[in-house]
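Anchor point for the sequence shown: position 78 equals 123 in the working numbering, and the numbering is continuous, going up by one each time. Cβ atoms here follow ideal geometry from the backbone N, Cα and C, with glycine treated the same way.
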Amino acid sequence: MNSRRQQRNLSAAQKRLAAKQVIRPAHYTAATVLSQESSYVPICSQTKQTCNNEFRSQGFPRITFEWNIRALSTSEWNSVTASILIKQWSAWYQTRHGYYREIEEDIQGVFERWLTTMWMLYLKQLKEGPQSTGPIISPPTAADRDLLRRKAERKKIAVLRSKAAKRIYPKDSGFVELFRPVACVSDYEDEDSPHPRRKRIIPRWRSAEYTQLVHQVDEAVRQITKPKSRITVARRLRRDSTIIEPLDFEEGSEAPKKLPIDCYAPAYLESLCRLQRRNLKAKDAIHLETYLAYIKSITTRPPRNSD
Numbered sequence: 046m047n048s049r050r051q052q053r054n055l056s057a058a059q060k061r062l063a064a065k066q067v068i069r070p071a072h073y074t075a076a077t078v079l080s081q082e083s084s085y086v087p088i089c090s091q092t093k094q095t096c097n098n099e100f101r102s103q104g105f106p107r108i109t110f111e112w113n114i115r116a117l118s119t120s121e122w123n124s125v126t127a128s129i130l131i132k133q134w135s136a137w138y139q140t141r142h143g144y145y146r147e148i149e150e151d152i153q154g155v156f157e158r159w160l161t162t163m164w165m166l167y168l169k170q171l172k173e174g175p176q177s178t179g180p181i182i183s184p185p186t187a188a189d190r191d192l193l194r195r196k197a198e199r200k201k202i203a204v205l206r207s208k209a210a211k212r213i214y215p216k217d218s219g220f221v222e223l224f225r226p227v228a229c230v231s232d233y234e235d236e237d238s239p240h241p242r243r244k245r246i247i248p249r250w251r252s253a254e255y256t257q258l259v260h261q262v263d264e265a266v267r268q269i270t271k272p273k274s275r276i277t278v279a280r281r282l283r284r285d286s287t288i289i290e291p292l293d294f295e296e297g298s299e300a301p302k303k304l305p306i307d308c309y310a311p312a313y314l315e316s317l318c319r320l321q322r323r324n325l326k327a328k329d330a331i332h333l334e335t336y337l338a339y340i341k342s343i344t345t346r347p348p349r350n351s352d
């Protein structure tokens, strides 16, 4: 009996040894290193090398995806590739910004949306040009970099506001959630320059009460910011003029779903058909004016005594 077990163990060991002798590590090809000027985000070469080393150690021949499979959960290759990239990017991001938890839950969704975008780009390039084995990524243009900068700025503003909202109402998660998504609170500009004289455009879907609340939370942000960061934060929040986005604007901002009904402008709701309004999935009103009155009371300085 023991002899048979030893033979089986020996046979298994021989198979493992034979496999090691036959299987060779995959030849790894690192991605092309973009110049500092053409990079979307200036990630250091050390981080890129660490990322390449992990892919090499995992047996990947290169960093790529199964482009025709958009959901990470349905492709083991995509899931593992994304997990490695998320791990390496997260480590870099925390050393740069420090507030990783604010965006942690969004990363997988960002990857899946990116896969969808790249797959559509690949299909378009197959129709317009020669055959390719994968998406052809052109160097980012100045417009691409400007768009990325704007998105990054809006995200930073959303993070500042959600932190201030949590400081004011630490136990009211529903209120804090009003300030977490970028589309809910970060106004955008129509100027190309990020410098002086930027114009704040109020989204057409947002109610006056919600807008007032957002701007009052901005005042709270300024007051709770540490002295060394106040100038930077003040510049980030400052706008020189304000206009309201017209209801008939063809490329207007899309209203986020599942907000309290009083976050939406009545005129915007009236402009929707019944199906569109149902698809908005608005929640019950939360009386924004009550929140606004309280935040004003704690952020407005008392008048100076003239005596």
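Backbone CA spacing between residue i and residue j [nearest angstrom]
| i | j | result |
| --- | --- | --- |
| residue 322 | residue 349 | 48 Å |
| residue 180 | residue 216 | At residue 180, the pLDDT of 47 sits below 50, so the modelled position is not reliable; the number obtained from the coordinates is stated separately. When rounded, the distance between both Cα atoms is 46 Å. |
| residue 167 | residue 288 | 38 Å |
| residue 117 | residue 279 | 40 Å |
| residue 324 | residue 75 | 45 Å |
| residue 247 | residue 290 | 6 Å |
| residue 2 | residue 113 | The structure shown does not extend to residue 2, since the chain is modelled only from 46 through 352, so no value can be given for it. |
| residue 228 | residue 302 | 10 Å |
| residue 14 | residue 337 | Not covered by the structure: residue 14. The range shown for the chain is 46 to 352. |
| residue 162 | residue 169 | 11 Å |
| residue 342 | residue 261 | 10 Å |
| residue 127 | residue 315 | 42 Å |
| residue 249 | residue 119 | 38 Å |
| residue 344 | residue 269 | 10 Å |
| residue 165 | residue 213 | 43 Å |
| residue 286 | residue 202 | 18 Å |
| residue 271 | residue 156 | 33 Å |
| residue 306 | residue 226 | 17 Å |
| residue 198 | residue 206 | 12 Å |
| residue 210 | residue 200 | 15 Å |
| residue 310 | residue 88 | 41 Å |
| residue 313 | residue 99 | 50 Å |
Residue i (DSSP reduced to helix, strand or coil)
| i | result |
| --- | --- |
| residue 201 | helix |
| residue 68 | Since pLDDT at residue 68 reaches only 42, below the 50 mark, its modelled position is unreliable, and the value read off the structure follows with that caveat. Coil at residue 68, not helix or strand. |
| residue 88 | coil |
| residue 101 | helix |
| residue 226 | coil |
| residue 344 | helix |
| residue 272 | helix |
| residue 286 | strand |
| residue 234 | In this prediction, residue 234 has a pLDDT of 49, which is less than 50 and means its spatial position is unreliable; what the coordinates show is noted afterwards. DSSP places residue 234 in coil when its eight states are reduced to three. |
| residue 281 | helix |
| residue 305 | strand |
| residue 131 | helix |
| residue 331 | coil |
| residue 157 | helix |
| residue 208 | helix |
| residue 245 | strand |
| residue 107 | coil |
| residue 251 | strand |
| residue 217 | coil |
| residue 324 | helix |
| residue 349 | coil |
| residue 315 | helix |
| residue 114 | coil |
| residue 74 | coil |
| residue 339 | helix |
| residue 265 | helix |
| residue 121 | helix |
| residue 300 | coil |
Exposure label - residue i; buried when at least 16 CB within 10 Å
| i | result |
| --- | --- |
| residue 300 | buried |
| residue 208 | buried |
| residue 133 | buried |
| residue 252 | buried |
| residue 335 | exposed |
| residue 276 | exposed |
| residue 123 | buried |
| residue 304 | buried |
| residue 259 | buried |
| residue 308 | buried |
| residue 38 | What is shown of the chain runs 46 to 352, which leaves residue 38 out entirely. |
Residue nearest to residue i in terms of C-alpha spacing, selected from the options
| i | options | result |
| --- | --- | --- |
| residue 339 | 163, 126, 257, 96 | 257 |
| residue 255 | 343, 332, 282 | 332 |
| residue 346 | 264, 135, 275 | 264 |
| residue 90 | 164, 137, 305, 106 | 137 |
| residue 159 | 109, 121, 204 | 109 |
| residue 104 | 120, 129, 329, 92 | 129 |
| residue 328 | 222, 92, 152, 93 | 222 |
| residue 23 | 164, 163, 281 | Because the chain spans 46 through 352 in this model, residue 23 falls outside it and cannot be assessed. |
| residue 135 | 226, 95, 312 | 95 |
| residue 224 | 266, 245, 249 | 266 |
| residue 284 | 195, 201, 245, 206 | 245 |
| residue 152 | 131, 139, 140 | 131 |
| residue 220 | 100, 313, 312, 330 | 330 |
| residue 102 | 125, 139, 121 | 125 |
| residue 92 | 139, 121, 111, 195 | 139 |
Residue i at chain C interface by Cβ criterion, 8 Å
| i | result |
| --- | --- |
| residue 266 | The chain labelled as chain C is not found in the depicted structure, where only one protein chain is given. |
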